[in-house]
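Single-structure report; data block below.
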């Protein structure tokens, strides 16, 4: 049993440094607006702080994700999701070079993949990107989003297959 | 999707439970290399290289954050100073605070060593060291408390909209919104509002102060508050007080919608059985209710 309380500033800061970025990223993956994702992530932390006595430390993470998700759902003006990504700082030129094994043409590959990712179903996309970009373990994703491990795995594998399907479509239409 | 039959193998491969060659055998080299290319690309992505989303101290220090436009930053700076001063005031070494969480009851012995207060759920009591001396005993209440006061110097309980003073007795104060209720179980207490209109409340009597007026006296037959046992008893009280009690006992947020809260309620509600409590309160009044995730939605 962990007796840490979120009301302790130190613990709260710890929760923040562990989860703020994944939370913002999750909102971005799901809803596609980075500015709003930041705002709602912050709002979720404010809610957590206001309710710190009612949220046990172990539940803080799933509380944050649930609240933030709801804030976004309640927000009226949803837009079509069009995700754009940056390359991580520190990604070397070499890694970005064309791998001779690659089957998809490297030109515009990023743009096409971004488009394909944007067209994935929301939940699949969020889970897939939390896994790949935020390097969250499947089990951790399951706990955070309150879904089963099986569902997480299914979302990830389906995402991958859907992405390939979309990319194949896009490549064929280009020819 | 048409080709989701390979889900299991893909999962195993991603989990490191299936080697590349095995997956290639299952799905073919072309498919495999495409998956790999997708993954390697996505693995290099990030939504934003600025990882720090905001400073958590902004939340913990102020409780509320606004977008800082230029003209706002001044007022924010001013409020930070205020908050700092307030914290210093709160943290005065001689300030004592006790509080209860939702659904919790706590008995606290007061500094005179013999008097006590039992706090109902979601309530707090505080006093400063110099509030207790031979010339008087004073404390501040938020919420609901049952007091047993030993004879001695004048004893007073202050709260947002009034004050109760006594010599030695047992009584209950329950404040909610702009109103409060004072019930005396033994002895005699004097309850007054901010305008200094007051009522003498004797043992076995209760008074409700609501909409800035004293209501008719209510007779109480119990010798201690009902909420110290299994239920909370109400006699002709506004629905708002009942809702407040439900919120505190069961850790609920009540979404009142357009329900008329000025109706009165008389009856007892259990403290540990939400379903029954809701039935008792709302069924006779014809109010529909639904509980979802610690929220109680009311409608008529």
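Residue numbers (our numbering), protein chains in the order written: chain A, 1 to 175; chain B, 1001 to 1300.
Just so it is clear, CB atoms sit at the ideal spot from N, CA and C, and this is done for glycine as well.
Just so it is clear, the structure is predicted and the values come from calculations on it, not from any experiment.
Three-state secondary structure (DSSP) of residue i
i, result
"residue 1195 of chain B", "coil"
"residue 1221 of chain B", "coil"
"residue 1332 of chain B", "Because chain B in this structure spans residues 1001 to 1300, residue 1332 of chain B falls outside the shown range and cannot be described."
"residue 1204 of chain B", "coil"
"residue 1138 of chain B", "strand"
"residue 1258 of chain B", "coil"
"residue 1040 of chain B", "helix"
"residue 156 of chain A", "helix"
"residue 165 of chain A", "helix"
"residue 1155 of chain B", "strand"
"residue 1066 of chain B", "For residue 1066 of chain B, the pLDDT reaches just 44, beneath the cut-off of 50, and the residue's location in the model is therefore unreliable, although a value from the coordinates is still provided. Three-state DSSP puts residue 1066 of chain B in coil, outside helix and strand."
"residue 125 of chain A", "helix"
"residue 1163 of chain B", "strand"
"residue 1243 of chain B", "helix"
"residue 1032 of chain B", "helix"
"residue 1174 of chain B", "strand"
"residue 1211 of chain B", "coil"
"residue 1250 of chain B", "helix"
"residue 1126 of chain B", "strand"
"residue 1292 of chain B", "strand"
"residue 147 of chain A", "coil"
CB contact check: residue i to chain B, cutoff 8 Å
i, result
"residue 125 of chain A", "no"
"residue 73 of chain A", "no"
"residue 111 of chain A", "no"
"residue 63 of chain A", "no"
"residue 108 of chain A", "no"
"residue 103 of chain A", "yes"
"residue 210 of chain A", "Shown here, chain A extends from 1 to 175; a query on residue 210 of chain A therefore has no answer."
"residue 224 of chain A", "Residue 224 of chain A is absent from the structure shown; chain A starts at 1 and stops at 175."
"residue 118 of chain A", "no"
"residue 139 of chain A", "no"
"residue 46 of chain A", "yes"
"residue 6 of chain A", "no"
"residue 67 of chain A", "no"
"residue 133 of chain A", "yes"
"residue 80 of chain A", "no"
"residue 54 of chain A", "yes"
"residue 9 of chain A", "yes"
"residue 85 of chain A", "yes"
"residue 57 of chain A", "no"
"residue 143 of chain A", "no"
Below-8 Å beta-carbon distance, residue i vs any chain A residue
i, result
"residue 1292 of chain B", "no"
"residue 1033 of chain B", "yes"
"residue 1044 of chain B", "yes"
"residue 1102 of chain B", "yes"
"residue 1038 of chain B", "yes"
"residue 1245 of chain B", "no"
"residue 1018 of chain B", "no"
"residue 1242 of chain B", "no"
"residue 1086 of chain B", "no"
"residue 1021 of chain B", "no"
"residue 1006 of chain B", "yes"
"residue 1014 of chain B", "yes"
"residue 1041 of chain B", "yes"
"residue 1059 of chain B", "yes"
Extent of the continuous beta strand (DSSP E) to which residue i belongs
i, result
"residue 1101 of chain B", "Where residue 1101 of chain B is concerned, there is no enclosing beta strand (DSSP E), given that its DSSP letter is neither H nor E."
"residue 1233 of chain B", "1231-1238"
"residue 1287 of chain B", "Counting along the chain, residue 1287 of chain B falls outside any beta strand (DSSP E), and DSSP gives it neither H nor E."
"residue 1179 of chain B", "1179-1186"
"residue 57 of chain A", "Unbroken run through residue 57 of chain A: none, as it is neither H nor E."
"residue 1269 of chain B", "1264-1270"
Element boundaries [alpha helix (DSSP H), containing residue i]
i, result
"residue 46 of chain A", "34-50"
"residue 1297 of chain B", "Counting along the chain, residue 1297 of chain B falls outside any alpha helix (DSSP H), though it belongs to the beta strand (DSSP E) covering 1295-1299."
"residue 1148 of chain B", "Looking at the DSSP string, residue 1148 of chain B is not in any alpha helix (DSSP H); the run it does join, the beta strand (DSSP E), is 1144-1149."
"residue 22 of chain A", "9-31"
"residue 67 of chain A", "60-74"
"residue 1110 of chain B", "Segment: none, residue 1110 of chain B is in no alpha helix (DSSP H) and carries neither H nor E."
"residue 118 of chain A", "109-118"
"residue 1024 of chain B", "1020-1027"
Problem - Three-pair Cβ contact test at 8 Å for the stretch 1028-1036 of chain B versus the stretch 126-144 of chain A - result: Taking 8 Å as the limit for Cβ pairs, the verdict is that the stretch 126-144 of chain A does not touch the stretch 1028-1036 of chain B.
Exercise for the section: For the stretch 149-164 of chain A, enumerate the residues whose C-beta is nearer than 8 Å to any C-beta of chain B, in chain order. Expected result: Within the stretch 149-164 of chain A, 153, 154, 156, 157, 158, 160, 161, 162, 163 and 164 place their CB atoms closer than 8 Å to a CB of chain B, listed in sequence order.
Problem - the stretch 1006-1026 of chain B / the stretch 46-60 of chain A touching (three or more Cβ pairs under 8 Å) - result: Cβ pair count under 8 Å is below three, so no.
Handout entry: Three or more C-beta pairs below 8 Å linking the stretch 14-33 of chain A and the stretch 1211-1220 of chain B
Key = No contact exists between the stretch 14-33 of chain A and the stretch 1211-1220 of chain B.
Practice task
Would you list, in chain order, the members of the stretch 14-40 of chain A that have their beta-carbon closer than 7 Å to a beta-carbon of chain B?
Solution key: Cβ contacts with chain B: 16, 20, 21, 24, 25, 28, 34 and 38.
Exercise for the section: Report yes or no: do three or more beta-carbon pairs, one from the stretch 1177-1184 of chain B and one from the stretch 1192-1210 of chain B, lie closer than 8 Å? Expected result: Taking a cut-off of 8 Å for Cβ pairs, the stretch 1177-1184 of chain B and the stretch 1192-1210 of chain B touch, as three or more such pairs fall below it.
Problem - Three or more C-beta pairs below 8 Å linking the stretch 108-117 of chain A and the stretch 144-156 of chain A - result: Contact fails: fewer than three Cβ-Cβ distances are below 8 Å.
Practice task
With 8 Å as the C-beta to C-beta threshold (strictly closer), list the residues of the stretch 1244-1263 of chain B near chain A in chain order.
Solution key: Cβ contacts with chain A come from 1251.
Problem - chain A contacts made by the stretch 1180-1211 of chain B, where a contact means CB separation under 7 Å - result: Against chain A - using a Cβ distance shorter than 7 Å - the stretch 1180-1211 of chain B contributes no residues.
Problem - contact_flag[the stretch 1231-1239 of chain B, the stretch 1259-1270 of chain B] where n(CB pairs < 8 Å) is 3 or more - result: With a cut-off of 8 Å, the stretch 1259-1270 of chain B and the stretch 1231-1239 of chain B count as touching, because enough Cβ pairs lie within range.
Problem - Validate contact between the stretch 1029-1045 of chain B and the stretch 65-76 of chain A using beta carbons, cut 8 Å, 3 pairs - result: Result no; under three Cβ-Cβ pairs closer than 8 Å.
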